[in-house]
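To keep things clear, I will list the structure first and then write my remarks on it.
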Amino acid sequence: MASVVRERSASRSGFSLIEAIIAIVIVGIVLAAVVPAFIGNLRINTDNEARTGAVAAAQTVLDQFRVRPKSDWPTSGSAVNVDSHGRTYAVLVAYAPFCQGGICFTGAELIDVEVSYGGRTRYTVSTVFTALD
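Its first residue numbered 5, the sequence shown is counted upward by one per residue in my numbering.
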């Protein structure tokens with residue numbers, strides 16, 4: 005009868021409580037090392053998505069400048085809201101006659117665009133626009 009009990013206990017397999025605790029501790033240590041990397045990558049991806057949307061918002065505003073006559077342009081220094089990639093961006097547009105080396109060029113405008121989202125400037129661009137008549 006003692007041999008029957010020994011055979012049953014010898015055939016039992018699985019983890020002991022100590023082995024399970026050690027495995028949980030090892031998994032916890034690995035997760036503690038990996039989770040900050042995932043969070044950092046998530047933050048980088050979110051910032052890149054916001055910047056991509058800001059670039060698209062700036063392009064939208066500049067395209068509107070191209071298709072409108074100068075008399076229909078918004079006031080220099082004005083801000084407009086542009087929806088892009090599921091976000092609403094504040095786009096500040098300023099423009100002035102384009103001058104270089106003391107010479108101002110007729111019909112040429114220097115346009116500065118600053119795009120903000122979440123209280124941070126995400127993208128700025130300056131370009132020279134010339135109406136070709």
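Think of the CB as a built atom: it goes at the ideal place given N, C-alpha and C, for glycine as much as any other residue.
In this text, all values refer to a predicted model and were calculated from it rather than measured experimentally.
Using the rule of at least 16 other Cβ atoms within 10 Å of the residue's Cβ for burial, across every protein chain shown, is residue 70 buried or exposed? Looking at its Cβ environment, which holds fewer than 16 other Cβ atoms inside 10 Å, residue 70 is exposed.
Going by DSSP, name the residue or residues bridged to residue 104. Answer is 107, bridged to residue 104.
Going straight from the alpha carbon of residue 26 to that of residue 19, what length do you get? Rounded to the nearest angstrom, the two C-alpha atoms are 10 Å apart.
Confirm, please, whether the CB-CB distance from residue 128 to residue 118 is below 7 Å. The answer is yes: Cβ separation under 7 Å.
Can you give the Cα-Cα distance for residue 35 and residue 68, rounded to whole angstroms? So the two alpha carbons sit approximately 49 Å from each other.
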